[in-house]
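Visitor: Numbering-wise, the sequence shown is residues 16 to 388 according to this note's numbering. Ideal placement from N, C-alpha and C gives every residue a C-beta, glycine not left out. Remember, it's a predicted structure, so these values are computed and weren't measured experimentally.
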Amino acid sequence: MSVQTIARVQPYQGDASFAEPAATSRVFRFYLLPDFSLQAFSSALEVLRLANEVIGQDAYSWRVISNDGEPVASNCGLFVSADTSLPFERNRTRCSSSIAVVVVGSGHATPDPNKQLDAWLRESCSRRGCLAGIGGGTVVLARAGLAQGRRCSVHWEQFPVFAERFPGVLAVQTTFEHDGDLHTCPGGDAPFDMFLSLVESDYGSLVVSHICQKAVACRVRSAGDRQRLPNHSRVRLNHKAVIKAIDLMESTIDQPVQVEKLAASAGLSRRQLERLFRRELGCTPNRYYLELRLERANLLLTSSRLPIVEIAMACGFVSASHFSKAYRDTYGRAPHQSRLLPVRMSLMAPIAQKNTTALRRLKAASIPQISSS
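1) Would you verify that the beta carbon of residue 111 is, or is not, closer than 8 Å to some beta carbon of chain C?
2) CB-CB under 6 Å to residue 367, same chain, minus the five flanking residues each way: which ones, in chain order?
3) Over the uninterrupted alpha helix (DSSP H) stretch that includes residue 136, give me the two end residues.
4) For the beta strand (DSSP E) containing residue 199, list its first residue and its last residue.
5) Consult DSSP for residue 172 and reduce its assignment to one of helix, strand or coil.
6) Is the stretch 317-327 in contact with the stretch 284-297, if contact means three or more CB pairs nearer than 8 Å?
7) Could you check which residue in 270, 243 and 280 has the C-alpha nearest to that of residue 260?
8) Assuming residue 80 is part of the beta strand (DSSP E), what are its boundary residues?
9) List the residues that DSSP assigns as beta-bridge partners of residue 147.
10) List the whole-angstrom C-beta distance separating residue 335 from residue 343, where the pair is believed to meet the contact cut-off of C-beta under 8 Å.
11) Rounded to whole angstroms, what is the Cα-Cα separation between residue 361 and residue 58?
12) Where does the unbroken alpha helix (DSSP H) through residue 292 begin, and where does it stop?
13) Any contact of the stretch 115-133 with the stretch 166-173, i.e. 3+ C-beta pairs under 8 Å?
14) Kindly indicate which three-state DSSP category residue 310 falls into: helix, strand or coil?
15) Can you give the Cα-Cα distance for residue 43 and residue 182, rounded to whole angstroms?
16) With respect to the beta strand (DSSP E) encompassing residue 43, which residues constitute its N-terminal and C-terminal limits?
17) Using CA coordinates, which residue listed in 79, 40, 86 and 146 is at the minimum distance from residue 104?
18) Leaving out five residues before and five after residue 238 in sequence, what residues of the same chain have Cβ atoms less than 6 Å from its Cβ?
19) For residue 186 and residue 166, I'd like the C-alpha separation in whole angstroms.
20) Would you decide whether residue 164 is buried or exposed? Buried here means 16 or more other CB atoms lie within 10 Å of its CB.
21) Pull the bridge partners of residue 185 from the DSSP assignment, please.
22) Counting C-beta neighbours from all protein chains within 10 Å, is the total for residue 150 16 or more, i.e. buried, or is it exposed?
23) Need the endpoints of the alpha helix (DSSP H) that residue 123 sits in, please.
24) Pair every Cβ in the stretch 218-228 with every Cβ in the stretch 196-203, then say whether three or more of these pairs are closer than 8 Å.
25) Here's the rule I'm using: 16 or more other beta-carbon atoms within 10 Å means buried, otherwise exposed. How should residue 106 be labelled?
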């Protein structure tokens, strides 16, 4: 399939007015990292476009920036044209105040260092600018020293390495976070919710309601909401006690707690919690806890250079041998072998392992039997 180029999106001016006219358009400068998430970028942009349509004026505008001013390839191979280069935009905004910069990356790749980008972000922050990180963009903000002591939403695939690398950042696995003038989200469709929140702070809930109607968005998530569904869950899991127990599991990966304490945190007995887990997730709390720890370990194996012993300890295992046995039972290979695999392949291993028998049975059933008579 040939690589395509997406033209720069122009803000749409509607005719319905739901808010007081803005004196000036609020400009968001989107810096696109190589291999950025097209889904995440378009989700953020669509909120601003629909806001203009609902408000009836260009309340928001945007500029797309790349390192050299050339089109940037997204993670799906499509290119997005840039309005300008980083050096030009940095010089252009040198005397500006309160500018809004959004760094857009992907949900799992670690961006390469860029001293010029870091310097521009620090300059923008020093002029009381609004900074936002989407996916890997949050890594860039943390690397530039702009997230120290701040609460940041980090993609679950990036979380283990991010937490190890930036211990001074309050990293969480939520849909999005606002911490003063710093706004972060993990990517995917979370930027839609984050930018709705920004629009609501500017123009109120009525405008947001109309945006959601136009976008056919049935549910709007809030800051601090869970980033993803629990493993093994059905399409939607609404049992608050199970969610509360899982939240405690996720926050104690390095020092696992007893099932009795998990149950107490959810206001249940151990037997009640085990019954709920089997009903909602198809496994025991202990099994679910173990899989969370192994998932964290697998991410560290494939995206960091930490020794296996340190990874085992960071994921709550008493010894490297205990960790290796549990890991092999789940992933079908030794921990050191995962470091030779691409991240995506290593993440799919447990699913493939569990479905091997079922696939073999399906193939056997589909082969017509030839009678010998």
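Guide: Reading from the atomic positions:
1) This model lacks chain C altogether; it includes just one protein chain.
2) Because residue 367 carries a pLDDT of 42, less than 50, the predicted location of this residue cannot be relied on, and no value is offered for it.
3) 130-141
4) Counting along the chain, the beta strand (DSSP E) containing residue 199 begins and ends at 197-200.
5) coil
6) no
7) Shortest Cα-Cα distance from residue 260 to any of 270, 243 and 280 involves 280.
8) 75-81
9) 117 and 198
10) About 12 Å separates the two Cβ atoms, so there is no contact after all.
11) Annotation note: pLDDT 46 at residue 361 (below 50); position unreliable, no value reported.
12) 285-296
13) yes
14) helix
15) 29 Å
16) 41-47
17) 79
18) 191, 192 and 193
19) A straight-line Cα-Cα distance of about 6 Å links residue 186 and residue 166.
20) exposed
21) 166
22) By the neighbour-count rule (16 or more Cβ atoms within 10 Å), residue 150 is buried.
23) Segment: none, residue 123 is in no alpha helix (DSSP H) and carries neither H nor E.
24) Here the stretch 218-228 makes no contact with the stretch 196-203; the two share fewer than three CB pairs at distances below 8 Å.
25) exposed
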